[in-house]
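Asks: Residue numbers (the working numbering): 9 to 249.
Structure below; questions to follow.
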Ligand SMILES: [Zn+2]
């Protein structure tokens with residue numbers, strides 16, 4: 009059986025009951041992701057890889073109470089996009105949640121946004137896609153175009169539903185913390201395509217915005233956000249039963 013037929017069989021077998029969730033803290037090790045600073049003198053740096061691990065760990069704790077949840081990394085180490093996706097097969101994940109934080113050259117950019125895999129993505133998503141697709145090489149991207157199309161066709165309906173459920177759940181929480189809502193968007197994220205699962209890539213706020221970074225660096229905010237994300241995933245799982 010070739011890899012594509014294996015993929016098709018897997019995708020068609022995506023059952024009505026999703027139980028295993030693989031949570032993917034973005035970046036790690038020497039790949040720190042976006043870098044923000046808590047102080048105007050830029051001495052107190054905060055790395056996206058650390059914030060994403062903190063939030064992902066909390067999401068795992070919440071989700072783990074009612075479903076099976078794993079992390080693609082539980083330490084500060086480098087994991088390639090392919091390795092993250094391979095883990096989805098190893099743990100037989102039904103859903104894939106990639107956790108990231110955003111960055112912009114405009115220090116006033118702010119807010120929380122959710123992406124699902126769709127190759128009809130708009131120009132606005134391109135900057136975020138570039139930042140999160142970094143560690144895949146050119147040839148791989150071309151080969152994977154076929155896989156992307158197949159995976160999009162088979163997962164987009166579930167991914168959209170999942171995105172809506174998480175968005176609904178997160179909205180009151182971010183509003184309570186005065187973090188703005190940038191909504192749900194399509195995006196071409198290779199980690200989502202390679203995982204071959206319905207899934208999301210969450211950009212939980214801008215590390216380049218100091219006010220927002222100060223909020224995101226607080227345990228209470230990360231706890232509330234993790235709780236809301238998990239509740240949304242749970243709701244999606246319930247609707248699939
Ligand atoms: Zn990232």
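Glycine included, every Cβ here is placed at the ideal spot set by N, Cα and C.
(1) For my contact list, residue 240 and residue 187 are in at a C-beta cut-off of 8 Å; report their separation, rounded to the angstrom.
(2) State buried or exposed for residue 227, treating a residue as buried only when at least 16 other CB atoms are found within 10 Å of its CB.
(3) I'd like to check one pair, residue 216 with residue 111: are the Cβ atoms closer than 8 Å?
(4) Can you list, in chain order, the residues of its chain whose CB lies under 6 Å from that of residue 238, leaving out five sequence neighbours each side?
(5) Can you check which of these residues, 229, 218, 249, is closest to residue 46 by C-alpha distance?
(6) What does the alpha-carbon distance come out to for the pair residue 58 and residue 214?
(7) Quick one: complete alpha helix (DSSP H) runs, 4+ long, within the stretch 86-166?
(8) Going straight from the alpha carbon of residue 243 to that of residue 171, what length do you get?
(9) Our contact map puts residue 36 next to residue 81 with C-beta atoms below 8 Å; I'd like the distance itself, whole angstroms only.
(10) What are the boundary residues of the beta strand (DSSP E) that residue 193 is part of?
(11) May I ask whether a heavy atom of ligand 1 can be found less than 7 Å away from the beta carbon of residue 121?
(12) Using the C-alpha atoms, what's the distance from residue 225 back to residue 79?
(13) Taking the DSSP output, what are the residues bridged to residue 32?
(14) Could you name the residues of the same chain whose beta carbon sits closer than 7 Å to that of residue 74, not counting the 5 residues immediately before and after it, in chain order?
(15) Taking only runs that begin and end inside the stretch 177-242, name each unbroken alpha helix (DSSP H) of 4 or more residues, in chain order.
(16) According to DSSP, residue 44 sits in a beta bridge with which residue or residues?
(17) Which residue comes first and which comes last in the beta strand (DSSP E) that contains residue 83?
(18) Tell me which same chain residues have a C-beta within less than 8 Å of the C-beta of residue 85, skipping the five on either side of it?
(19) Residue 76 lies in the beta strand (DSSP E); which residues open and close that run?
(20) Mind checking residue 96: buried by the 16 CB within 10 Å criterion, or exposed?
(21) Who are the near neighbours of residue 197 in its chain, counting only those whose CB is closer than 8 Å to its CB and skipping five residues on each side?
(22) Alpha carbon to alpha carbon, how far is residue 207 from residue 173?
(23) Rounded to whole angstroms, what's the CA-CA distance from residue 155 to residue 204? Just pull it up for me.
Replies: In terms of the structure at hand:
(1) Taking the chain shown and counting its residues from 1, one reaches residue 240 at position 232. Taking the chain shown and counting its residues from 1, one reaches residue 187 at position 179. Actually they are not in contact, since the Cβ atoms of residue 240 and residue 187 sit about 16 Å apart, beyond 8 Å.
(2) Within the chain shown, numbered from 1, the residue matching residue 227 stands at position 219. Exposed is the call here.
(3) On the chain shown, residue 111 is found 103 positions in, with the first residue counted as 1. On the chain shown, residue 216 is found 208 positions in, with the first residue counted as 1. Taking 8 Å as the cut-off, the Cβ atoms of residue 111 and residue 216 count as close.
(4) Against the chain shown, residue 238 aligns to sequence position 230. Residues 67, 70, 71 of the same chain have their beta carbon placed closer than 6 Å to that of residue 238, with the five preceding and five following residues left out of the count.
(5) The sequence position of residue 46 within the chain shown is 38, counting from 1. Residue 218 is the option with its Cα nearest to residue 46.
(6) For the purposes of this step, residue 58 is taken as residue 50 along the chain shown, with counting starting at 1. For the purposes of this step, residue 214 is taken as residue 206 along the chain shown, with counting starting at 1. As the crow flies, the alpha-carbon of residue 58 is around 14 Å from that of residue 214.
(7) The alpha helix (DSSP H) runs of length 4 or more contained entirely in the stretch 86-166 are, from start to end of the chain, 89-98, 134-140.
(8) Here residue 243 corresponds to residue number 235 of the chain shown, with the count starting at 1. Here residue 171 corresponds to residue number 163 of the chain shown, with the count starting at 1. The straight-line gap from Cα to Cα measures roughly 11 Å.
(9) The residue labelled residue 36 in the question sits at position 28 within the chain shown. The residue labelled residue 81 in the question sits at position 73 within the chain shown. Your pair residue 36 and residue 81 checks out as a contact, with CB atoms roughly 5 Å apart and the cut at 8 Å.
(10) On the chain shown, position 185 is the one that residue 193 refers to. Secondary structure note for residue 193: its beta strand (DSSP E) is the uninterrupted segment 189-195.
(11) Numbered from its first residue, the chain shown carries residue 121 at position 113. If you check the C-beta of residue 121 against ligand 1, you find no heavy atom less than 7 Å away.
(12) As a working note, residue 79 is residue 71 in the chain shown. As a working note, residue 225 is residue 217 in the chain shown. Distance between the alpha carbons of residue 79 and residue 225 is about 20 Å.
(13) Mapped onto the chain shown, residue 32 falls at position 24. Bridge partners of residue 32: 106.
(14) Numbered from its first residue, the chain shown carries residue 74 at position 66. So the qualifying residues of the chain are 242.
(15) The stretch 177-242 contains these whole alpha helix (DSSP H) runs: 198-203, 218-224.
(16) Here residue 44 refers to the residue found at position 36 when the chain shown is read from its first residue. Residue pairing by DSSP places residue 44 opposite 54 in a beta bridge.
(17) Translated into the one-based positions of the chain shown, residue 83 becomes position 75. No beta strand (DSSP E) contains residue 83, which DSSP labels as neither H nor E.
(18) Counting from one through the chain shown, the residue named residue 85 turns up at place 77. Excluding positions up to five away in sequence, the list reads 36, 37.
(19) Counted from its first residue, the chain shown places residue 76 at position 68. Counting along the chain, the beta strand (DSSP E) containing residue 76 begins and ends at 76-79.
(20) In the chain shown, residue 96 corresponds to position 88, counting from 1. A residue is called buried once 16 or more other Cβ atoms fall within 10 Å of its Cβ, and residue 96 is buried on that count.
(21) As a position in the chain shown, residue 197 is number 189, starting the count at 1. Listed in chain order, the non-local C-beta contacts of residue 197 below 8 Å within the same chain comprise 106, 123, 125, 137, 140, 141, 209, local neighbours out to five positions each way being set aside.
(22) Within the chain shown, the letter at position 199 stands for residue 207. Within the chain shown, the letter at position 165 stands for residue 173. So the alpha carbons of these two residues sit roughly 12 Å apart.
(23) Taking the chain shown and counting its residues from 1, one reaches residue 155 at position 147. Taking the chain shown and counting its residues from 1, one reaches residue 204 at position 196. Approximately 9 Å, taken between the alpha carbons.
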